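Chain order of the listed sequences is A and B.
The numbers in the first sequence follow the working numbering, run straight up by one, and end at 540.
The numbers in the second sequence follow the working numbering, run straight up by one, and end at 313.
Inspection log for the structure reproduced underneath, given as structure tokens.
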Amino acid sequence: MINPWRGKQSTPVRSWAGPVAALLVSITLLALPDRVCHTIGSVLEYSVFAPYRYAVGWGQGSLAARLEVRRLSKLETTAGLDQMQMQEVSEENRRLRRLLGLRRRAADILIPATVVSRERGRGGDVLLVETDAAETIRTGSPVIVPEGLLGSVVSQDGTRLRVRCLTNPQTTASVLDQRTRDEGILRGALRDRDRLVILDVPVQADWQVGDRVITSGLGDVFPRGLLVGTVEQVEREATGPLERAWVRPAASPSRAEEVFVLLPGAAGTGDRPDWFPSDPEPALSTLQLDDGRGLTFGLAPSP
Amino acid sequence: MIQGLRIAVAVFVVLVAQGTWVPRISWLGWQPDLLLGVVFFVSLKKGLHWGVWTGFIIGLLVDIEQPERLGLHSLAYVLSAFGIERWSKNFDRSSPIVVGILFFLIALGTETIRGFALSESLLQWLIGIFRWYLPGALYTLLWVGGTSWILSRVFGWKDWVLHAT
């Protein structure tokens, strides 16, 4: 018999020895325990078959897998970026929609301003806001956000306005219980900076937890009907037949980013619509541009 | 030496193909086994020794991907090489049809051996013959036969393909 490798004569036993050996080795490998098989596989993988493995890119390192991983990685990165942009746009959209909604409810002129600084020191909550139409604004003008009344302008320096918030103990405002129409004087609380307090409430008055508190319109600072907050607690004064009502403010100075300075409308302030966000909004067609100071909104003109 | 180099190149090319684009032509869970094609043609062309050791090495390359089954593919390809050696002597190896039928039987045998080791029960293995191994062998025959036909027609590699002798 001819030797298959060298072409020389070979005995039948020798000619079958190689193939039978391969067969026996295969069967032996198949019968070995898993732990031994793993060891042998690792040794072969990183020694004899290393060039093959490297060239072929076996398994996860294969060309197809690499291309797939690269494609998926790119897809994931793109999707992540898209998601981040979507979240940002969505948040901006939500905020602007609320602002637009507030604008449509107002009959007065709203001057937009951006919060550039917040102070919460011993003097109380003060915001520094910036606007392009500062020349039209006078000291004492109310400042509002979509949630409700935020405070009032106390000073002006160029395009920057200093806004004293309702939570500032120096701020006072005449308010009403929207349900009972009971009046009171509201101010920032000294001991609880996140709440407002109405002092010297007569015991005959009916202030209850959950009542909405709005501005009464008395005085020259705040127009009637601006939402201030909701009654959170009513307690009896230590001395005398009086009570005090604690109010949770609707607008938070720490969350305000864009605010509006409220100016009286050109047509007067006699017949204003309600200010509350829950009220139905006028049609979008009632939007009117004013002379550049901002956007004026009102009821649709009658034909 | 030259022939050995050609076999090594062929093995290398088919290994690359099997690891890269072949999984993409999988159909209904059936995937052609081009490596068996290499073992088959090496066995026909070079004889038992070459076929057995080529199948053994290729089988080990496949097996190191799943070390817990180390030796399974080697055994299957080695047995295939034995089968080719045994059966090919009794048929007309110059006829493409005969070679094709032989290849199909070898592919079915290889799939069945592998399936026997991987099946959890005898019933599962018997069902697998009709569900997986038979169609898989046919699918392998289609691809290997088609590739061989293209190679023989386009490149004139008749000594490598169906006219293996």
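Just so it is clear, CB atoms sit at the ideal spot from N, CA and C, and this is done for glycine as well.
All values reported here derive from a predicted model rather than from experimental measurement.
Counted within 10 angstroms of its Cβ, other Cβ atoms place residue i as buried (16 or more) or exposed
i	result
A:Asp443	exposed
A:Pro517	Confidence at A:Pro517 is low in this model, with a pLDDT of 39, below 50, so its placement is unreliable and no value can be given for it.
B:Lys211	Checking the displayed sequence, the identity of residue 211 of chain B turns out to be Asp instead of Lys. B:Asp211 is buried by the Cβ-count criterion.
A:Thr417	exposed
B:Trp391	Within the shown structure, residues of chain B are numbered from 149 to 313, placing residue 391 of chain B beyond reach of any answer.
B:Phe167	Checking the sequence, you will find Gly at residue 167 of chain B rather than Phe. It counts as buried.
B:Phe239	exposed
B:Phe251	buried
B:Ile245	exposed
A:Thr476	exposed
A:Asp394	exposed
Within-7 Å CB hit, residue i to chain A
i	result
B:Ile261	no
B:Pro244	no
B:Glu216	yes
B:Leu209	yes
B:Ile150	no
B:Lys185	Reading off the sequence shown, one finds Gly at residue 185 of chain B, where the question assumed Lys. No, because no Cβ of chain A sits closer than 7 Å to the Cβ of B:Gly185.
B:Ile155	no
B:Gly219	yes
B:Asp181	no
Minimum Cβ-Cβ distance from residue i to chain B less than 7 Å
i	result
A:Pro270	no
A:Ser327	no
A:Glu282	yes
A:Gly317	no
A:Leu266	yes
A:Pro256	yes
A:Ser489	no
From the options, residue whose alpha carbon lies closest to that of residue i
i	options	result
B:Leu209	B:Leu274, B:Leu253 and B:Leu184	B:Leu184
B:Gly276	B:Trp169, B:Trp178 and B:Val164	B:Trp178
A:Arg430	A:Leu365, A:Gly361, A:Met321 and A:Leu304	A:Gly361
A:Ser354	A:Leu500, A:Ala259 and A:Leu365	A:Leu365
A:Ile277	B:Leu218, B:Ile206 and B:Ile173	B:Leu218
A:Leu304	B:Ala285, B:Ile249, B:Leu192 and B:Arg172	B:Arg172
B:Ile155	B:Glu233, B:Gly195 and B:Val170	B:Gly195
Beta-carbon proximity list for residue i, same chain, < 6 Å, skipping 5 on both sides
i	result
A:Pro514	Below a pLDDT of 50, predicted positions are generally treated as unreliable, and A:Pro514, at 39, falls in that range; no measurement from the model is reported.
B:Gly152	none
B:Trp291	Pro180
B:Thr288	Pro180, Asp181 and Ala255
A:Phe459	Pro379, Ala410 and Thr452
B:Gln214	none
A:Glu494	Val352
Contacts of residue i in chain B (Cβ-Cβ under 9 Å)
i	result
A:Leu309	Those do not exist, as A:Leu309 stays about 15 Å from chain B at its closest Cβ, beyond 9 Å.
A:Tyr291	Residues of chain B passing the Cβ test: none, with the nearest at roughly 12 Å.
Amino acids of chain B, ordered along the chain, whose beta-carbon sits closer than 7 Å to that of residue i
i	result
A:Ala259	Val200, Trp201, Phe204 and Val226
Same chain, Cβ closer than 7 Å to residue i, five either side skipped, listed in chain order
i	result
B:Trp273	Gly263, Phe264 and Ser267
A:Pro486	Leu403, Thr404, Leu433, Val465 and Gly466
Under 7 Å by beta carbon: chain E residues contacting residue i
i	result
B:Gly257	Of the chains in the structure shown, none is chain E; the protein chains are A and B.
Chain A residues whose Cβ lies nearer than 9 Å to that of residue i
i	result
B:Gly231	Per Cβ cutoff of 9 Å: no residues; B:Gly231 is ~12 Å from chain A at best.
B:Leu196	Pro241, Ser252, Trp253, Gly255 and Pro256
Proximal residues of chain A, C-beta to C-beta of residue i below 7 Å
i	result
B:Ser222	Ser263 and Leu266
B:Ile212	Gly278, Leu281, Glu282 and Phe286
Sequence-distant residues of its chain with Cβ nearer than 8 Å to residue i (five each side left out)
i	result
B:Val162	Leu182, Leu183, Gly185 and Val186
A:Gly447	Thr467 and Val468
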